[in-house]
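S.K.:
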Amino acid sequence: MRTEATNRVKLVFNLLDANGNGVLDSDDFDLMASRVIEAAPHSDKAAKDAMVAAFRRYWTTLSDELDVDHDGRISFEEYTACVLSPERFDATVSDFAESLAALGDPDGDGLIERPAFVALMRAIGFERANVDTLFDAFEPTEDDRVKVTTWVVGIKDYYSPEKSGIPGDHLVGNTAA
Ligand SMILES: [Ca+2]
Ligand SMILES: [Ca+2]
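FYI, in UniProt numbering the residues of the sequence shown are 1 to 177.
(1) Would you say the beta carbon of A18 comes nearer than 8 Å to a heavy atom of ligand 3?
(2) Buried or exposed: which applies to N21, given that a residue is buried once 16 or more other Cβ atoms fall within 10 Å of its Cβ?
(3) With three or more C-beta pairs closer than 8 Å as the rule, is the segment 9-26 touching the segment 70-81?
(4) Suppose you measure from the CA of D109 to the CA of R57; what does that come to, to the nearest Å?
(5) Report, in whole angstroms, the separation of the C-beta atoms of R2 and P167, which I expect to be a contact under 8 Å.
(6) Going by DSSP, name the residue or residues bridged to L111.
(7) Give every residue of the same chain whose Cβ lies closer than 8 Å to the Cβ of A5, excluding the five residues on either side of it in the sequence, and list them in chain order.
(8) Just confirm the distance between the C-beta atoms of A102 and V148, as a whole number of angstroms; I'd bet it's less than 8 Å.
(9) Rounding to the nearest angstrom, what Cα-Cα distance links T133 and N19 in this structure?
(10) Please report the straight-line C-alpha distance between P41 and K48, rounded to a whole angstrom.
(11) Kindly list the residues whose CB is nearer than 7 Å to the CB of V152, restricted to its own chain and excluding five residues on each side of it in sequence; keep chain order.
(12) Can you tell me whether T141 is buried or exposed? The criterion is at least 16 other CB atoms within 10 Å of its CB, across all chains shown.
(13) Return the CA-CA distance between K45 and G125, expressed in angstroms with no decimal places.
(14) Could you check if E113 is buried or exposed, using at least 16 other CB atoms within 10 Å of its CB as the buried criterion?
(15) Return the chain-ordered ranges of every alpha helix (DSSP H) run that is complete within the UniProt domain "EF-hand" (4-39) and spans a minimum of 4 residues.
If you want it as structure tokens, here you go:
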């Protein structure tokens with residue numbers, strides 16, 4: 001696995017541990033889902049429900065696939081296995097990526113404005129400066145919007161162990177140090 005992928009995985013693990021107890025557990029995903037929903041006040045109920053469902057599925061998949069000692073929690077060591085067999089998580093990551101991007105596009109025009117993007121990414125816990133750099137790397141239009149599809153691809157790439165030098169690496173930024 002590439003170093004960049006390891007750093008991306010480490011960052012996501014720390015962010016997903018929303019209650020800060022050092023392991024991933026069911027509670028983290030409820031907390032994260034409510035934070036993200038709150039950051040999308042203009043989205044409709046269907047989009048919010050889809051996001052909540054995607055977070056639930058995310059936890060269920062991680063729990064089924066990675067909780068090898070069956071203690072209901074996923075340690076960082078358990079979590080790192082996800083990058084070794086990413087194909088087991090493809091469908092879950094796709095569902096998550098599409099739900100998140102859809103939440104950022106309440107008017108359904110296929111484009112996401114910077115403030116909506118920043119609000120969602122900050123809710124997940126990424127650093128503001130890194131979020132702006134990522135948005136710029138997605139090559140926004142003149143009126144500062146990026147395509148939903150670009151973001152979806154960006155999220156999937158983020159979880160790909162063989163990828164490096166991708167826009168998502170900007171999220172790691174200084175926080176990896
Ligand atoms: Ca936790
Ligand atoms: Ca465990």
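Note that beta-carbon positions come from the ideal geometry of N, C-alpha and C, so glycine has one too.
M.R.: Taking the geometry as given:
(1) This structure does not include ligand 3; its bound ligands are ligand 1 and ligand 2.
(2) exposed
(3) Flag = yes, the segment 70-81 and the segment 9-26 touch.
(4) 26 Å
(5) Not a contact, Cβ separation roughly 15 Å.
(6) K147.
(7) Residues V83, S160, P161, E162, K163, S164 of the same chain have their beta carbon placed closer than 8 Å to that of A5, with the five preceding and five following residues left out of the count.
(8) A102 to V148, Cβ: 7 Å. Contact.
(9) 27 Å
(10) 9 Å
(11) A97, E98, A101
(12) exposed
(13) 23 Å
(14) buried
(15) 26-38
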